[in-house]
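The UniProt record's numbering puts the first residue of the sequence shown at 1, with every later residue one more than the last. Quick reminder that beta carbons are idealized off the backbone N, C-alpha and C, glycines included.
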Amino acid sequence: MSARSKARKRALDVLYESEVRGLPVGGTLADRVADNDPPVNEFTVALVGGVSEHIDSIDELLSTHSVGWSLDRMPAVDRNILRIGVYELLFDEQVPDVVAVSEAVAMARDLSTDESPAFVNGLLARLLQLKPTLGV
Numbered sequence: 001m002s003a004r005s006k007a008r009k010r011a012l013d014v015l016y017e018s019e020v021r022g023l024p025v026g027g028t029l030a031d032r033v034a035d036n037d038p039p040v041n042e043f044t045v046a047l048v049g050g051v052s053e054h055i056d057s058i059d060e061l062l063s064t065h066s067v068g069w070s071l072d073r074m075p076a077v078d079r080n081i082l083r084i085g086v087y088e089l090l091f092d093e094q095v096p097d098v099v100a101v102s103e104a105v106a107m108a109r110d111l112s113t114d115e116s117p118a119f120v121n122g123l124l125a126r127l128l129q130l131k132p133t134l135g136v
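If you want it as structure tokens, here you go:
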């Protein structure tokens, strides 16, 4: 697993933990950085910070373009994988679009249900298709 893939997984851990604990998006980041066990690298901090900064837009896009699934009905792992994927796809110009989608699908394959990779791939592919018209 590449260093960036590990950083994405760590960002997912932080986002998921924050949600489960009822804290704001990324609310556990400062604690995880302070604990440094396992270490939290700069890319993880950037991902969590980016998702947190754009959470309203990200969740609106997910809600609008997810067919048959409200944001609340999505498994928490999928929801946070998608948040990272949308952030990288639409707001982080350093990450190629295909990498953002591929990494999100890989996390879903490794960490969620059997149906999750197809769901994540389909939703992110739709947003990629619409990217030029989204105005974000």
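Short Cβ contact (8 Å threshold) for residue i with residue j
| i | j | result |
| --- | --- | --- |
| residue 130 | residue 81 | no |
| residue 120 | residue 78 | yes |
| residue 89 | residue 101 | yes |
| residue 104 | residue 124 | yes |
| residue 128 | residue 92 | no |
| residue 20 | residue 108 | no |
| residue 8 | residue 47 | yes |
Own chain residues within Cβ distance below 8 Å of residue i, not counting five before or after
| i | result |
| --- | --- |
| residue 63 | 70 and 71 |
| residue 55 | 25 and 83 |
Contact set for residue i: own chain, Cβ-Cβ below 6 Å, skip 5 residues either direction
| i | result |
| --- | --- |
| residue 22 | none |
- Any chance you could list the alpha helix (DSSP H) runs of at least 4 consecutive residues sitting entirely within the segment 63-126, in chain order? The qualifying runs are 76-86 and 97-111.
- State whether the segment 35-43 contacts the segment 68-81, with contact taken as three or more CB pairs (one from each stretch) at a distance under 8 Å. Taking 8 Å as the limit for Cβ pairs, the verdict is that the segment 68-81 does not touch the segment 35-43.
- Query: Below 8 Å, can you find three or more Cβ-Cβ pairs linking the segment 2-16 to the segment 73-90?
  - Reply: The segment 2-16, when compared against the segment 73-90, does touch it at the 8 Å Cβ threshold.
- Query: Taking the runs of the alpha helix (DSSP H) that are 4 residues or longer, which of them lie wholly in the segment 6-48?
  - Reply: Fully enclosed alpha helix (DSSP H) runs of 4 or longer: 29-35.
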